[in-house]
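Protein chains: 2
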Amino acid sequence: MIEHTVSAFDRELELLGRKISEMGGIAEKMLSESIEALINFKIEDAKAIIATDSRLDTLQREIEEEAVHIIARRQPLGADLREIIGAMRISGDLERVGDLAKNIAKRTLKLVNDQRLPRAMIGLRHMGQLAAMQLKEVLDAYGQGDVNRADNVWHRDAEIDALEDSVFRELLTFMMEDPRNISSCTNLLFCSKNVERVGDHATNIAETVHYIVTGEKLPVERPKLAQ
Amino acid sequence: MIEHTVSAFDRELELLGRKISEMGGIAEKMLSESIEALINFKIEDAKAIIATDSRLDTLQREIEEEAVHIIARRQPLGADLREIIGAMRISGDLERVGDLAKNIAKRTLKLVNDQRLPRAMIGLRHMGQLAAMQLKEVLDAYGQGDVNRADNVWHRDAEIDALEDSVFRELLTFMMEDPRNISSCTNLLFCSKNVERVGDHATNIAETVHYIVTGEKLPVERPKLAQ
Chain R
0 MIEHTVSAFD RELELLGRKI SEMGGIAEKM LSESIEALIN FKIEDAKAII ATDSRLDTLQ
60 REIEEEAVHI IARRQPLGAD LREIIGAMRI SGDLERVGDL AKNIAKRTLK LVNDQRLPRA
120 MIGLRHMGQL AAMQLKEVLD AYGQGDVNRA DNVWHRDAEI DALEDSVFRE LLTFMMEDPR
180 NISSCTNLLF CSKNVERVGD HATNIAETVH YIVTGEKLPV ERPKLAQ
Chain X
0 MIEHTVSAFD RELELLGRKI SEMGGIAEKM LSESIEALIN FKIEDAKAII ATDSRLDTLQ
60 REIEEEAVHI IARRQPLGAD LREIIGAMRI SGDLERVGDL AKNIAKRTLK LVNDQRLPRA
120 MIGLRHMGQL AAMQLKEVLD AYGQGDVNRA DNVWHRDAEI DALEDSVFRE LLTFMMEDPR
180 NISSCTNLLF CSKNVERVGD HATNIAETVH YIVTGEKLPV ERPKLAQ
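Line order of the protein sequences matches chains R and X.
For what it's worth, numbering that gives the first Met the number 0 labels the leading residue of the first sequence as 0, then goes sequentially.
For what it's worth, numbering that gives the first Met the number 0 labels the leading residue of the second sequence as 0, then goes sequentially.
Structural data, given as C-alpha cells:
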C-alpha cells in the first residue's frame with residue numbers, strides 16, 4: 000500500500016516535470032521564432048507565435064494547480080517539496096518568456112519593412128541567439144538536475160546585458176542619424192529589452208535549479224561583466 | 000496542546016502577512032518617489048531609492064523560506080494553503096515592483112535636466128499616480144480579504160495601458176521634432192513601460208487576492224478598453 004502511494008507520488012512529480020518540459024519547448028521555440036520573424040519581417044509567422052502563447056498560460060495554471068494539490072495531498076518534505084516549489088517558480092518564468100516572445104511578435108506587426116533596419120538587427124539577432132542558448136542550457140540543467148550547468152548559465156547572464164547595452168547605443172545612433180528611423184527603432188529598443196529580460200528569466204531558472212538540487216540559494220547580487 | 004499548535008500556526012501566518020505589508024509599504028513608496036525623482040530630476044532621491052531595493056529582495060527571500068517551512072511543518076490545506084501560496088506570489092510581484100521603481104530611479108541618473116522635457120512628463124506622472132493608486136488599493140484589498148475591491152483593481156488595469164499608449168505616441172513626436180530629445184525620451188519610454196508593468200503586477204496581485212479569498216481563478220484574458 001505504501002509502495003503504491005509512493006509510486007503514485009512519483010508519477011505526479013514526473014507529470015509536473017513533463018509539463019515543465021512542454022512549457023520549456025514551447026517557450027524556446029517562441030523565442031527563436033519571434034526573433035527570426037522580427038528580423039525577416041515575417042508577419043504570418045509573428046501571428047502564429049502570438050496564437051501559441053495561450054498554451055503556455057494554460058500549462059502554467061495547470062502546473063500551479065497540480066503543485067498545490069500535491070502539496071496538500073502528499074505533504075512532501077525536503078527535496079520533494081523543493082522540486083514542487085521549483086516547478087511552480089520555473090513555470091512562472093517560462094510563462095513570462097512566452098509573454099516576452101509574444102511581445103516581440105506583436106512589435107513585428109508594427110515594424111515597417113525598411114531597408115535601413117537590417118544593420119541594426121545584427122546585434123539583436125546575436126542577443127536573441129545567446130538568450131535562446133541560455134534558456135535551452137538551463138532547461139537541460141533542470142532536466143538533468145545538473146547544478147554546475149545551471150551555475151554556468153547564471154554566470155553568463157552578464158554577456159547578454161553587455162550586448163543589450165551596445166544594441167541600445169547603436170539604435171540611438173540610428174534614430175539620431177535619420178528621424179524616419181525613430182518609430183521602428185523604438186520598437187527594436189523594446190525588443191532588445193525583452194530579449195535581455197529573457198536572459199534574466201534564464202538566470203532565475205538557474206537559481207531555482209540550484210535551489211532544487213542543493214537546497215541553497217545563490218547570492219542576491221548577480222555577476223556583472225567588468226567594463 | 001492542539002490549541003497551542005493552532006495559535007503558533009496563526010502567528011506564523013500573521014508574520015507572513017506583516018512581511019507582505021512591509022514589502023507593500025516599501026514598494027508603494029519606491030514607486031511614488033521614483034516618479035517624483037524622475038520628474039523633478041532629483042539625483043539624490045533617485046540614489047536613495049536604488050539603495051532601498053535590497054530590503055525588498057531580502058524580505059521576499061524570507062517570505063519564500065518561511066512559506067516553504069510552514070507548508071512543510073504544518074501541512075496546511077484549503078484556505079490556509081491558499082493564503083501561504085498567495086503570500087509567495089504577492090511577494091514575487093512586490094519584489095518586481097521594487098525592481099521597476101529602481102529601474103526608473105536608475106534612468107533618472109541618466110536623464111539630462113532639460114527644459115523641453117517637462118511637457119512630456121505630464122502623462123508619465125499621471126500614469127505613475129494611477130499605478131501607485133492601483134497598488135495601494137490592491138494591497139488594502141489583500142489586507143482586508145476584500146475580493147470586490149481586488150476585482151475592481153483588476154478591471155481598471157486597461158486605463159493604465161491606454162495612458163501608456165498615449166505617452167508613447169507623445170514621446171515619439173518629441174523625438175521626431177528634435178533629435179536632441181531622443182536620448183532622454185528613450186529613457187522616458189522605458190520608464191513609461193515600467194509604470195505599465197507595475198500596473199500588471201497590481202493586476203496579478205488582484206488575481207491572487209481573488210484566488211486566496213474564493214479559491215477560484217479569474218479568466219486568463221484581461222479586460223481591454225474599447226477603443
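Glycine residues also receive a C-beta, built at the ideal position from the N, C-alpha and C atoms.
- Shown here for L138 of chain X: same chain residues with a beta carbon closer than 6 Å to its own, the five before and five after excluded, namely G23 in chain order.
- Within the model, the alpha-carbon separation for Q143 of chain R versus F8 of chain R is close to 19 Å.
- Remark: C-beta atoms of I83 of chain R and L15 of chain R approach each other more closely than 8 Å.
- Excluding five sequence positions before and after D92 of chain R, the CB atoms of its chain that fall closer than 6 Å to its own CB belong to H200, N203, I204, given in chain order.
- L99 of chain X does not reach chain R, its nearest Cβ partner there being about 12 Å away, counting only Cβ pairs nearer than 7 Å.
- Distances from the CA of F189 of chain X to each of X:R60, X:A66, X:T107, X:E21 were compared; the closest alpha carbon is that of X:T107.
- Comparing alpha-carbon positions, the option among X:L110, X:V194, X:I69, X:A157 lying closest to L76 of chain R turns out to be X:I69.
- Judged by beta-carbon spacing, E163 of chain X lies beyond the 8 Å limit of K135 of chain X, meaning their Cβ atoms are not closer than that value.
- Fewer than three pairs of CB atoms, one per stretch, sit closer than 8 Å, so the stretch 166 to 175 of chain R makes no contact with the stretch 206 to 217 of chain R.
- It is roughly 52 Å from the alpha-carbon of F40 of chain R to the alpha-carbon of L12 of chain X.
- DSSP places N193 of chain X in the helix class (H, G or I) of the three-state scheme.
- Contact annotation: the stretch 27 to 35 of chain R touches the stretch 124 to 135 of chain R, with at least three C-beta pairs closer than 8 Å.
- When Cβ-Cβ separations below 8 Å define contact, R124 of chain X makes no contact with chain R.
- In this chain, the alpha helix (DSSP H) harbouring F173 of chain X covers 146 to 176.
- Between R10 of chain R and the set R:Y141, R:E65, R:R118, the nearest pair of CA atoms involves R:E65.
- Rounded to whole angstroms, the separation of the alpha carbons of H154 of chain R and D177 of chain X is 41 Å.
- Annotated as proximal: V96 of chain X and V197 of chain X, with beta-carbon spacing under 8 Å.
- Taken atom to atom, the span from the alpha-carbon of H125 of chain X to that of D44 of chain X is near 20 Å.
- Of all residues in the stretch 61 to 75 of chain X, those with a C-beta nearer than 7 Å to a C-beta of chain R are V67, I70, A71, Q74, reading in chain order.
- Among the residues facing chain X, L15 of chain R is not included, as its CB has no counterpart in that chain under 8 Å away.
- Straight-line spacing of the CA atoms in M87 of chain X and M87 of chain R works out to 11 Å.
- Rounded to whole angstroms, L123 of chain R and A157 of chain R show a C-alpha spacing of 16 Å.
- Contact annotation: I34 of chain R and G127 of chain R have beta-carbon atoms nearer than 8 Å.
- Chain-order list of chain X residues neighbouring F189 of chain R: L188, F189, K192, by C-beta distance under 9 Å.
- Here K18 of chain X has L58, E61, I62 as same chain residues with Cβ atoms under 7 Å from its own Cβ, once five neighbours each way along the sequence are excluded.
- From the beta-carbon of S183 of chain X, no residue of chain R is found nearer than 8 Å; the closest lies around 11 Å away.
- Within 10 angstroms of the beta-carbon of A119 of chain X lie 16 or more other beta-carbons, which makes it buried.
- Residues of the stretch 151 to 184 of chain X with a C-beta less than 7 Å from any C-beta of chain R: L171, M174, M175, P178, I181, S182, listed in chain order.
- Nothing from the stretch 12 to 39 of chain R brings a Cβ to less than 8 Å from some Cβ of chain X.
- Within the model, the alpha-carbon separation for D56 of chain R versus E206 of chain X is close to 14 Å.
- At a cut-off of 8 Å between beta-carbon atoms, I84 of chain X makes contact with chain R.
- When secondary structure is reduced to three states using DSSP, E215 of chain X falls in the coil class, being assigned neither helix nor strand.
- The alpha-carbon of S53 of chain X is positioned some 9 Å away from that of D98 of chain X.
- Our two residues, S6 of chain X and L116 of chain X, have alpha carbons roughly 56 Å apart in a direct line.
- Fully enclosed alpha helix (DSSP H) runs of no fewer than 4 residues occupy 77 to 109 of the stretch 54 to 142 of chain R, in order along the chain.
- With 16 or more other CB atoms across the displayed protein chains lying within 10 angstroms of its CB, S90 of chain R is buried.
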